[in-house]
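Mind the numbering: the sequence shown is residues 3 to 283 in the working numbering, read in order.
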Amino acid sequence: MFEIDFELSGNAKKILSWMVSAELLKLVDNQRAILATHPFDGHYDCLTLSSYDEQHQILLNRLGENALAEGELVEFIWSRAAYSPRETALHIMSESEVPAGEGADFNLGAIKGAIRVAQFLCEDRSRCRDVIWGCFVQAEDVQVHPFLSEFSIPESWRSMTPPTASTSWSAWLWVLTHDENPEAIVNLMTGEVLNKKGRPWYGWTNESIEDDEGLPASTIAVLIDVVEFGSERHFSQLTRPAFARGTRIHLDEEGDSFDFTPLRELNSLEDVRSIWAELPG
Numbered sequence: 003m004f005e006i007d008f009e010l011s012g013n014a015k016k017i018l019s020w021m022v023s024a025e026l027l028k029l030v031d032n033q034r035a036i037l038a039t040h041p042f043d044g045h046y047d048c049l050t051l052s053s054y055d056e057q058h059q060i061l062l063n064r065l066g067e068n069a070l071a072e073g074e075l076v077e078f079i080w081s082r083a084a085y086s087p088r089e090t091a092l093h094i095m096s097e098s099e100v101p102a103g104e105g106a107d108f109n110l111g112a113i114k115g116a117i118r119v120a121q122f123l124c125e126d127r128s129r130c131r132d133v134i135w136g137c138f139v140q141a142e143d144v145q146v147h148p149f150l151s152e153f154s155i156p157e158s159w160r161s162m163t164p165p166t167a168s169t170s171w172s173a174w175l176w177v178l179t180h181d182e183n184p185e186a187i188v189n190l191m192t193g194e195v196l197n198k199k200g201r202p203w204y205g206w207t208n209e210s211i212e213d214d215e216g217l218p219a220s221t222i223a224v225l226i227d228v229v230e231f232g233s234e235r236h237f238s239q240l241t242r243p244a245f246a247r248g249t250r251i252h253l254d255e256e257g258d259s260f261d262f263t264p265l266r267e268l269n270s271l272e273d274v275r276s277i278w279a280e281l282p283g
């Protein structure tokens, strides 16, 4: 079911890595943080879920096809994620010895923040958006990313306990950029998103959706059902989130009647191809 007949772009894997990470945060046994890591002498580019002591990690390699979860190799995760990030997270858990969480043992702020990052990247029409980690570690030297100096950061953020033993408070933060210019900062401990002046930032257009448990979920695509004004003709269209707002505005201008349904997963190769095959990057 999860086979694809095209190669996912690096940008597609980046988006999917945030969606899968958000789903994993709902499943793991403790409050893990999302880090940027480049293991094996920088040959891998990973979005990594790590415990504070860094002994328990799930690495999602965006330069390859696999994950490394508690030392167990989980293969071909991206083709699976193109259909369903949630199912991919469940698959990673089932194929490894990652301890599952119990009840509400998760960081809701981190889940919200990860979904907001995915949402920001998803709404990019031309691959000009990116997300930059607020911390980088070289050997044992922990540095704050220079982008953070452009923001008015609350003192409560600066006093946060680092997410892992080898990082600093800035490791909770991710900078959203447009054309390489910082626009906003996401706190993956609290889920807050602020602009440069330290005020709430709302730079996306998608409405948030929830999963079956009432937790925040990512929008992988939007299904548009249209009934042309004054006629019986009906058609449906699947579109990427980046184009949903423009389509909505056009339909409003034409006076068409329509319904928009955000989707958390895709059910066919045709649908997967329409969303991911021509994604730039």
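Beta carbons: idealized from backbone N, C-alpha and C, even for Gly. Since we're looking at a predicted model, the values are computed, not measured.
Residue i versus the options, residue with shortest Cα-Cα distance
i: E74; options: G66, Q59, S86 and L65; result: Q59
i: D47; options: G200, N13 and E272; result: N13
i: K114; options: S259, I277 and G216; result: G216
i: L49; options: D214, V119, D273 and E89; result: V119
i: R64; options: L29, A83, C130 and S276; result: A83
i: Y54; options: A186, S81 and I36; result: I36
i: V228; options: R275, L29, H45 and L253; result: L253
i: L15; options: S151, D43, A69 and L29; result: The residue asked about is misnamed: residue 15 is Lys in this sequence, not Leu. Nearest option by C-alpha distance: A69.
i: L29; options: M3, V100, I17 and W20; result: V100
i: Y204; options: V22, C130 and E185; result: E185
i: S168; options: D143, F122 and D213; result: D143
i: I277; options: W20, S259, F260 and T221; result: T221
i: E56; options: I79, N32, G44 and V76; result: N32
i: E72; options: A102, G193 and H45; result: A102
i: I17; options: I6, V76 and L123; result: L123
i: G284; options: E157, I6 and S210; result: A question about residue 284 goes unanswered here, because the residues of the chain that appear run from 3 up to 283.
Neighbourhood of residue i by C-beta distance below 7 angstroms, restricted to the same chain and skipping five residues each side
i: F262; result: V224, I226, A246 and R250
i: H180; result: C130 and R131
Same chain, Cβ closer than 6 angstroms to residue i, neighbours up to 5 away in sequence not counted
i: I155; result: none
i: A38; result: W135
i: F285; result: What the structure shows of the chain is the stretch from 3 to 283, and residue 285 is not part of that stretch, so it cannot be assessed.
i: N109; result: Q33
Local conformation of residue i per DSSP, three classes
i: S98; result: coil
i: H40; result: coil
i: A167; result: coil
i: F262; result: strand
i: W176; result: strand
i: T90; result: helix
i: E182; result: coil
i: T192; result: coil
i: A279; result: coil
i: D213; result: coil
i: F138; result: strand
i: E74; result: strand
i: R118; result: helix
i: I113; result: helix
i: R131; result: strand
i: I155; result: coil
i: I17; result: helix
i: I251; result: helix
i: W222; result: Per the sequence shown, residue 222 should be read as Ile rather than Trp. Note: I222 maps to coil in three-state DSSP.
i: I187; result: strand
8 angstroms Cβ shell around residue i - same chain, five flanking residues per side excluded
i: W171; result: W159, R160, S161, M162, T163 and P164
i: G136; result: V146, H147, F149, L150, S172, A173, W174, L175, W176, V177 and I187
i: V139; result: Q145, S168 and T169
Cβ pair residue i, residue j closer than 7 angstroms
i: F153; j: K198; result: yes
i: P218; j: I94; result: no
i: L265; j: Y85; result: no
i: L281; j: S52; result: no
i: P243; j: E125; result: yes
i: A91; j: L190; result: no
i: P87; j: V22; result: yes
i: L62; j: S19; result: yes
i: F4; j: S81; result: yes
i: A279; j: F8; result: yes
i: D214; j: L240; result: no
Proximity test, residue i beta-carbon vs the ligand ZN heavy atom, cut-off 6 angstroms
i: A120; result: Ligands are entirely absent from the displayed structure, and the ligand ZN is therefore not among its contents.
For residue i: DSSP bridge partner residues
i: L51; result: I36 and I60
i: V274; result: V274 pairs with nothing; no bridge assigned.
i: S238; result: D227
i: D84; result: In the sequence under discussion, the amino acid at residue 84 is Ala, which differs from the Asp named in the question. According to DSSP, A84 bridges with nothing at all.
Cutoff 7 angstroms: residue i Cβ touching any chain B Cβ
i: H93; result: The structure shown has no chain B; it contains just one protein chain.
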